[in-house]
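Trainee: Before we start, here is the structure in question, set down as C-alpha cells.
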Amino acid sequence: MLTDTLKDSIRDAYARVKDGLPGFRTRSAQTRMIAEVARALSHSGGAAVIEAPTGTGKSMAYLIAGAEVARAQKKKLLIATATVALQEQLVERDIPLYLKLNGSEAKVALAKGRGRYLCPRNLRMAGSSLGDGGQMGLGFDADLALWSKPPAERDKLVLRKLTDAFDRNEWSGDMDAAPETPGDMLRAMITTSAGGCTGRRCAQFMVCPFFAARRAVADADIIVANQDLVLSDLTMPGDDDNWGGVILPKPNDTLYVFDEAHHMPGKTIDRGASDVPLGTVVRQISRLARQVHAAYSLTDKEVIGKLTLGAGDEKLQELSNGLEELEKEIRQSWLPDPSETEPMYRGSLGQLPETWVQHASLLYIATAEVQRWLTTVRRTITEMSEGGPTQEALSRELGMALERVDRQVRTWRAWSNDDPEDAPPLARWVTLSHDQQLVCHASAVSAGALLRNILWDNASAAIMTSATLSAGGNFRGFADAVGLPDDAVTISLPSPFDLGAQARLEVPALSALPDARELHAEAVTDWLAEHLDWDAGNLVLFTSRAKLERVLQRLPIDKVRKVRAQGSLGKTQLIAEHIAAIEAGKGSTLFGLASFGEGLDLPGKLCETVVITQLPFAVPTDPVGATYAEWLESRGRNPFLEVAVPEATRLLTQYCGRLIRSETDRGRIVLLDRRVVTRHYGTQMLKALPPFQRVIERTA
C-alpha cells in the first residue's frame, strides 16, 4: 500500500538525487513515472506498462520508486533487461549512484545464467585430457570424451591460462571477465547447462562460481538480471504449485521491473518453443545407448528404474524406430519446392496431417518413458559415493541427454495434443535444413497466456517499461502480446526533447515502392549517392541483408569507402571505427539491420541523419506470426491492422529514436518508403510518430 510515510520517503529520495546530481533538470515525465511506478509496485498484484522516451531518465525513476517500496515492504527489487550493456550500466553506474546520493546501503547482485560462469569440474576434466589426443584418457569409451576433436594449440594455451588464473584466485570464474577469451568450442566445454550440473553432489560445489553468484543473489536487496534468466526461473515449477523462485527470489516476495520490455513477447515465445532435428536425434540415441551401458557397468546394477539393461535398450531402439518412421512419413507426404532456399511445411491453424499426429502421439509416449528411466539412471550415477572421473563424465553426459529428451517430449506433446477452442493454436511446422535434415518445430504464437500465469498472477507486483511499447499511444497490441491484466495502468509519457525543433522527418519522392525489389534498391542507392551528406555521421537501416548488399553493390566506390556495414566486423569494433572516423572529420555511414535500429546510442555529430529504407514489417513467412494471423482471420479479425501495422509502427518509432539522444542533438530522419503517404495504414503510422517537423515531397 502506498502510505503517506512511503510517499514521503520517495519524495525525499528524489530530492536527494535532484540536489546531488550536477546539472540535474526537473522533468515532468520523470516525476510522473516515479509516481506511477510507486503506485503499481506498492499494491499487491500491481501492474503497469510505462512508455518512457529517450531522455526521460527512466532507470533513475524506477530505482527511486522501486528501491523505496521494496525497502518498506521488505521485498526484493528485481530489474530485468534485454541487453548486457544496460545490465552493466545499472550495476556499475546507476544503482551505486542512487545509493550514494541517498546515503543508503543495499546489497546488489548481477544474476547471470549458468552458462555465463566457469564450471570447475569441466575445467579439470578438460585439462586432464590434454595429454591424450583430445580424449579423456580415463580408460573408457570415446562416447564420454569431453573433446569432440583434438584441441588446437590456442585452446591448450587458453585453457592453461584460465586454470592458473582460477586456481590463484585471480579470476572469479565469470566468463564475461575471463582473462583470456576462449573459442566457442572451448567455452562450451568449460561451462555447463543445468542438465550437465550435479549441484551439491559435485566435488567442486564449494568453489563453483555459479553457486557463489547464486548465494549472492539470494542475499541481495536489488538484483539485476537478463530477461531470459527471469523467464527461465518463472517457468520452473516452484513451491506450493506456483511458478518460479528456483534460481531467483520467490515471485510473491519480489517487485519486478522489466526494462527494454518490448523484447518480452518474443523472448517469452522463444522460451516455450521446441524442435527436434530427426537425423541428429537418431544418432544421439545411438551414442546415448553406449553411455547407458557404461552407467549400468559402473553401478554394477542389473535393474535401474525398473528396467534391465536389455529392456532399456529396447526402449531406446523403439524410440529410434519411431523417429525414423516419422521421418519416412514426412518425406513421402511432403515434397519441398526445389526453388525454395529454406523449405518449410507449416500446418494451417497449427493442424498437421493426421498420420504425422499419430506418429507424434506414439513418440510422445515412448520419449516420456525414456525420460523417466534416464532420470533414474542419472540420479543413480550421481548419488554414487565413489565413481571417480567416469562418474563425473557420465553425470554430465546423461544430464545433457535429458535436456535433449525434454525438448523431444515438449515437441511431441505439442504435435499430438489438441488446441483449446478459446485460445490461439500452437504453431507446428517442419523445415528442411541445408544438409537435407528434417526438423520438427512447435511454438506458442502468443506470450499472453503464459505471462498471465507465471508473472502477472504470480508476482508481488510488476511493471514493464521501454521507449517504445505503443503504436502512437495505443497499447492494445502490446497488452495482448504480454497478457496484461485488464486493470493494469498503461501510460505513454511525452518526450523531454523539443522534437519539432530538433528533428525533421522527410519522405522523398521516390519513384519505386519496396514491393518492386530491384527498382526500389536502385532508387534507394540513387537517393543515398545524391542526397546523403557523406562527410557527416549517418545511420542507414535496412529490413533485409539482401537489400543492404544490393545497395552496397550499386553505390559509387568513393561512397562505399565511407560505409561500415553490419556483419563486416563485430558490432563493437564497427561502431568504434565509425566514432573514430567522425572525430577525425572524415565522415562515416553505418549500414545496419534491425539490431542497429534499437539500443544504438550515437549522440551529436555521430549521427545527424537516420535513413530508414522501408517500413519494418515482419517477414510474412514467419510460421509463428502466420499461424497467429490465420487464427485472427478465422475469428473475423484483421491481423494486418491488429498486429502487423502496430508492431511496424513501434519499430519505426524505435528506429526514429536513434537520431535525437540529447537536448542539443539536431538532424533529420529520411523514410524512403512512400507507403506512408500512399496507403491508408501508412497515414496512420505517420500520425503515430513523434511530433517531428515533416517534409513530404510530392511526386510528379
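The numbers in UniProt numbering rise by one with no breaks, and the one at position 50 of the sequence shown is 50.
We put the CB at the ideal spot given by N, CA and C, even for glycine.
Below 8 Å, how does it come out for the region 489 to 501 and the region 34 to 52: are there three or more Cβ pairs, yes or no?
Mentor: The region 489 to 501 vs the region 34 to 52: in contact.
Trainee: Let me check one thing: in DSSP terms, what residues is Glu-105 bridge-paired to?
Mentor: Answer by DSSP bridge pairing: none, since Glu-105 is not bridged.
Trainee: Helix, strand or coil for Ser-274? Go by DSSP, reduced to three states.
Mentor: Ser-274: strand per DSSP, three-state reduction.
Trainee: Taking the alpha-carbon of Met-33 as reference, which of Gly-23, Glu-302 and Ser-59 has the nearest alpha-carbon?
Mentor: When each option's Cα is compared against that of Met-33, the closest is Ser-59.
Trainee: Express the C-alpha separation of Asp-219 and Asp-4 in angstroms, rounding to a whole number.
Mentor: Asp-4 and Asp-219: Cα-Cα distance of roughly 29 Å.
Trainee: Candidates Trp-534, Ile-190, Leu-231 and Tyr-256: which alpha carbon is nearest Val-69's?
Mentor: Closest option to Val-69, Cα to Cα, is Tyr-256.
Trainee: Run the proximity test for Leu-255: is its beta-carbon closer than 7 Å to any non-hydrogen atom belonging to the ligand NAP?
Mentor: Ligands displayed in this structure: none; no statement on the ligand NAP is therefore possible.
Trainee: Just how far apart, CA to CA, sit Arg-154 and Leu-123?
Mentor: Roughly 16 Å between the two C-alpha positions.
Trainee: In angstroms, rounded to a whole number, what distance separates the CA positions of Gly-173 and Cys-119?
Mentor: Their Cα atoms are separated by approximately 8 Å.
Trainee: With C-beta atoms as the reference, is Val-230 less than 8 Å away from Leu-90?
Mentor: Contact flag unset, no.
Trainee: By Cβ distance, which residues of its chain are closer than 7 Å to Ser-416, with the 5 residues on each side in sequence left out?
Mentor: Excluding sequence neighbours, Ser-416 sits near Val-357, Ala-360, Ser-361 and Tyr-364.
Trainee: Would you decide whether His-262 is buried or exposed? Buried here means 16 or more other CB atoms lie within 10 Å of its CB.
Mentor: Looking at its Cβ environment, which holds 16 or more other Cβ atoms inside 10 Å, His-262 is buried.
Trainee: In angstroms with no decimal places, state the Cα-to-Cα distance between Ala-536 and Leu-552.
Mentor: So the two alpha carbons sit approximately 18 Å from each other.
Trainee: Buried or exposed: which applies to Gln-351, given that a residue is buried once 16 or more other Cβ atoms fall within 10 Å of its Cβ?
Mentor: Exposed is the call here.
Trainee: With a Cβ-Cβ cutoff of 8 Å, do Leu-432 and Pro-336 count as a contact?
Mentor: Against a cut-off of 8 Å, the Cβ pair of Pro-336 and Leu-432 comes out as a contact.
Trainee: Looking at Gln-371 and Val-409, is the spacing between their C-beta atoms short of 8 Å?
Mentor: In contact: Val-409 and Gln-371 (Cβ atoms closer than 8 Å).
Trainee: Leu-513 to Ser-443, Cα distance in whole Å?
Mentor: Approximately 33 Å between the Cα atoms of the pair.
Trainee: Bridge partners of Cys-202, per DSSP?
Mentor: Answer by DSSP bridge pairing: none, since Cys-202 is not bridged.
Trainee: Count the CB pairs spanning the region 682 to 695 and the region 497 to 505 that are closer than 8 Å, and state whether there are at least three.
Mentor: The region 682 to 695, when compared against the region 497 to 505, does touch it at the 8 Å Cβ threshold.
Trainee: List in chain order: all unbroken beta strand (DSSP E) runs of 3+ residues lying wholly within the region 624 to 674.
Mentor: Counting whole runs of 3 or more residues, the region 624 to 674 contains the beta strand (DSSP E) stretches 667 to 671.
Trainee: How far does the alpha helix (DSSP H) with Asn-382 in it extend, from its first residue to its last?
Mentor: Residue identity check: residue 382 is Thr in the sequence provided, not Asn. Start and end: 354 to 382.
Trainee: Let me know the secondary structure DSSP gives Glu-504 once reduced to three states.
Mentor: According to the sequence as given, residue 504 is Arg; it is not Glu. Looking at Arg-504 - three-state DSSP - the assignment turns out to be strand.
Trainee: Could you spell out where the beta strand (DSSP E) holding Gln-693 opens and where it closes?
Mentor: Element bounds for Gln-693: 693 to 696.
Trainee: Can you give the beta carbon distance from Leu-593 to Leu-539, rounded, assuming they're within the 8 Å contact cut?
Mentor: No, Leu-593 and Leu-539 are not in contact; Cβ-Cβ is about 12 Å, not under 8 Å.
Trainee: Buried or exposed for Met-136, please, with buried defined as at least 16 other CB atoms from any protein chain shown within 10 angstroms of its CB.
Mentor: Only weak support exists for where Met-136 lies, its pLDDT of 41 falling under 50; the value from the coordinates is given anyway. That one is buried.
Trainee: From Phe-140 to Ser-634, what does the alpha carbon distance come to, in whole angstroms?
Mentor: Unreliable positioning characterises Phe-140 in this predicted model, as indicated by a pLDDT of 45, which lies under 50. A coordinate reading is not provided.
Trainee: How big is the Cα-Cα spacing for Gly-133 and Gly-387?
Mentor: Caution is warranted here: a pLDDT of 44 is assigned to Gly-133, below 50, making its placement in the model unreliable, and the coordinate value is therefore given only provisionally. Roughly 24 Å between the two C-alpha positions.
Trainee: In whole angstroms, what is the alpha-carbon distance linking Met-464 and Gly-500?
Mentor: C-alpha separation (whole angstroms): 28 Å.
Trainee: Nearest-angstrom Cα distance between Lys-687 and Met-400?
Mentor: If you take the alpha carbons of Lys-687 and Met-400, they lie about 51 Å apart.
Trainee: For Asn-122, report the span of its beta strand (DSSP E) as first-last.
Mentor: First-last for Asn-122: 120 to 128, but that is the alpha helix (DSSP H), not the beta strand (DSSP E).
Trainee: When you compare only the Cα positions, how much space is there between Ser-568 and Tyr-117?
Mentor: C-alpha separation (whole angstroms): 29 Å.
Trainee: Look at the alpha carbon of Ser-466 and the alpha carbon of Val-17, and state the distance between them as a whole number of angstroms.
Mentor: Near 22 Å, if we compare the C-alpha coordinates of Val-17 and Ser-466.
Trainee: Considering Cα atoms alone, identify which of Asn-242, Ala-126 and Ile-304 is closest to Ala-393.
Mentor: Here the closest residue by C-alpha is Ala-126.
Trainee: DSSP three-state label for Asp-19, please.
Mentor: Three-state DSSP puts Asp-19 in a helix.
Trainee: In chain order, what residues of the same chain lie with their CB nearer than 8 Å to the CB of Gln-227, ignoring the 5 residues before and after it?
Mentor: So the qualifying residues of the chain are Ala-80, Thr-81, Ala-82, Phe-258, Glu-260, His-263, Met-264 and Lys-267.
Trainee: With distances taken from CA atoms, which of Thr-390, Arg-114, Tyr-345 and Ser-470 is nearest Ala-648?
Mentor: Cα-wise, what sits closest to Ala-648 is Ser-470.
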